[in-house]
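Please read the structure below before turning to the comments.
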Amino acid sequence: FSARKNLLTKTESFTDAIWTVNTVFSTFVQATAPDATSTAATFTGNGTNNVHLVGQVVNPGGNVISVKAKAGTARYLQILFDNVANSQVNFDLQLGTFSLGAGAASAAITAAEDGYYHCTAVSSGSPANAKFILVTSLSASRLEANTISGSINLWHPQVETGAVATSYQRVNTASDYDT
């Protein structure tokens, strides 16, 4: 590919201000990825009853969100399409399974390197934001408030248009991305 396809920015710097982190209830720190770079992040809930999330405004939005995720002391991840009613997918990062919300068109989870799973969610609508949320089960509700104090690792987030996830594209800024 030569054009930009990943609609996110700062895809390898989760601590950048472009990422919205519910910092009162969660922490997000850079972590070592399977390729030995510091481009992954450990996402940890603080045990306070609230929504534990990280996200980015993407406008115009894409309808495919993907990320590589690995269970730490927590095992469930929700990918949420904001602005699309009930459009979320919950992933079990230990068993490699998922559960579709009513507004999600499809999803997939496949084993990747070093214990990570490649998690993909496809929406039937046109969302404006992409969010990753720590949840307590495969059947967790949309934007579940919980008391999680566990963590998961995230790596290679991507939002794009289309019907399937394509290979990851690093994006730093609108003009600095892999081709």
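Numbering-wise (this note's numbering), the sequence shown opens with residue 80 and increments by one.
For glycine and all other residues, C-beta sits at the position ideal for the given N, C-alpha and C.
None of the values given here were measured: they were computed from a predicted structure.
Assigned exposure category for Thr123 - 16 Cβ within 10 Å defines buried: What you label residue 123 is simply residue 44 of the sequence shown in a count that begins at 1. Thr123 comes out buried.
Cut-off 7 Å between Cβ atoms - residues of its own chain near Ala191, not counting five sequence neighbours on either side: Position 112 of the sequence shown, counted from the start, is the residue given in the question as residue 191. So the list reads Lys147, His197, once near-sequence residues are dropped.
Cross-strand partners of Ala186 (DSSP beta bridge): Numbered from its first residue, the sequence shown carries residue 186 at position 107. Per DSSP, Ala200.
Could you tell me which of Ala253, Pro236, Leu222, Arg249 sits nearest to Asn128, measuring between CA atoms? Position 49 of the sequence shown, counted from the start, is the residue given in the question as residue 128. Comparing Cα positions, the closest option is Leu222.
From Thr118 to Leu86, what does the alpha carbon distance come to, in whole angstroms? As a first step, residue 118 is located in the sequence shown; it is residue number 39 there, counting from the start. As a first step, residue 86 is located in the sequence shown; it is residue number 7 there, counting from the start. Each residue's alpha carbon lies about 18 Å from the other.
Pick helix, strand or coil for Asp161, following the three-state DSSP scheme. Counted from its first residue, the sequence shown places residue 161 at position 82. Correct three-state label for Asp161: strand.
For Asp257, which of helix, strand or coil comes out of DSSP? Here residue 257 refers to the residue found at position 178 when the sequence shown is read from its first residue. Annotated three-state conformation of Asp257 is coil, per DSSP.
Please classify Glu192: does DSSP put it in a helix, a strand, or coil? On the sequence shown, residue 192 is found 113 positions in, with the first residue counted as 1. Correct three-state label for Glu192: helix.
So for Lys89, helix, strand or coil by DSSP? Counting from one through the sequence shown, the residue named residue 89 turns up at place 10. In the three-state reduction of the DSSP assignment, Lys89 falls in the coil class.
Gln109 - partner residues in DSSP beta bridges: One-based indexing of the sequence shown puts residue 109 at position 30. Beta-bridge pairing links Gln109 to Ala120.
Proximity to Val108 [Cα-Cα], best of Asp114, Thr116, Thr94: Residue 108 sits at position 29 when you count from the first residue of the sequence shown. Of the listed residues, the one whose Cα sits closest to Val108 is Thr94.
Using only alpha-carbon positions, find the residue among Leu233, Glu239, Val100 that is nearest to Pro113. If you number the sequence shown from 1, residue 113 lands on position 34. Residue Leu233 is the option with its Cα nearest to Pro113.
In angstroms, rounded to a whole number, what distance separates the CA positions of Gln157 and Asp255? In the sequence shown, the residue the question calls residue 157 occupies position 78. In the sequence shown, the residue the question calls residue 255 occupies position 176. Between the alpha carbons of Gln157 and Asp255 lies a distance of about 29 Å.
Let's test the definition: count the other Cβ atoms within 10 Å of the Cβ of Val136 and tell me whether it reaches 16, buried, or not, exposed. Within the sequence shown, residue 136 is the residue found at index 57, counting from 1. Classification for Val136: exposed.
Assign Pro236 to buried or exposed, taking buried as 16 or more other Cβ atoms, counted over all protein chains shown, within 10 Å of its Cβ. Residue mapping note: residue 236 aligns to position 157 of the sequence shown, counting from 1. Buried, by the Cβ-count rule.
Using only the alpha-carbon positions, how far apart do Thr252 and Phe170 sit? Looking up residue 252 in the sequence shown gives position 173. Looking up residue 170 in the sequence shown gives position 91. Cα to Cα, the separation comes out at about 29 Å.
Could you check what DSSP says for Gly140 in three-state terms: helix, strand or coil? Indexing the sequence shown from 1 puts residue 140 at position 61. It is coil, neither helix nor strand.
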